[in-house]
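In the working numbering, the protein residues as written are 58 to 293. As structure tokens, the structure follows; a few thoughts come after it.
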């Protein structure tokens, strides 16, 4: 297995895994300036993780599915704690690296998973795979099918309303868009580039609305600035 020409994250993970030389992925957006993800951040230790990630990891229990696992830093921590962990990612390069680290990793799309787990973990705004607000319910419904009776879905997200707020506190939002948290991104690293893909940043109130429609319970476990950590469980 090897990273293809459209797998910048996989390629940077494989490169950094070999030589530990710092480099970065460029994240291009249709709404804001370019952002950058450093290779070292993808390999952060538990001590280097934001408090929100640490809290999420401490809440994991039972059998865990790490969705969008990247280089496997969360999976490795949980495995070392003695938990049963499976790691999935759509990046062949990321999965190749995780397998080289003796993780139970597989190239798989979240929406094709049929097994059930005690904990579904979607860090680094993993719920963003919904792509848009209108698709959030489909994503939560898929997660609901994957949860065992007392299972939980853990993820972080960001209310990016601040991007549209001016100095006077007013908001400037395109009324032709469905929701201000719908983004389009493209990633670049060396000769590797993804196609444009949709990504969702959800605010807690909208999340709660969608979850309630599916009879799911939502808790806010932690909040810092515009970010929050959520846990979703089955009602009853």
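No residue lacks a Cβ here, since even glycine has one placed at the ideal position from N, Cα and C.
In the same chain as residue 160, and ignoring 5 residues on each side of it, the C-beta atoms closer than 6 Å to its own belong to 129, 132, 144, in chain order. Residue environment for residue 127: buried (at least 16 other C-beta atoms within 10 angstroms of its C-beta). DSSP places residue 279 in the uninterrupted beta strand (DSSP E) bounded by 273 to 281. When secondary structure is reduced to three states using DSSP, residue 251 falls in the coil class, being assigned neither helix nor strand. For residue 245, the beta-bridge partners assigned by DSSP are 83, 250. Sorting 190, 285, 124, 116 by C-alpha distance to the C-alpha of residue 235 places 190 at the top. DSSP links residue 121 through a beta bridge to 142, 176. In this structure the segment 237 to 248 does not lie against the segment 163 to 173, because fewer than three pairs of beta carbons, one per stretch, are closer than 8 Å.
Counting along the chain, residue 265 sits inside no beta strand (DSSP E); it lies in the alpha helix (DSSP H) bounded by residues 261 to 270. The beta carbon of residue 95 is closer than 7 Å to those of 79, 81 in its chain, skipping five residues each way along the sequence.
Taking residue 214 as reference, the option from 196, 112, 258, 246 with the minimal CA-CA separation is 258. For residue 201, the enclosing alpha helix (DSSP H) covers residues 193 to 203.
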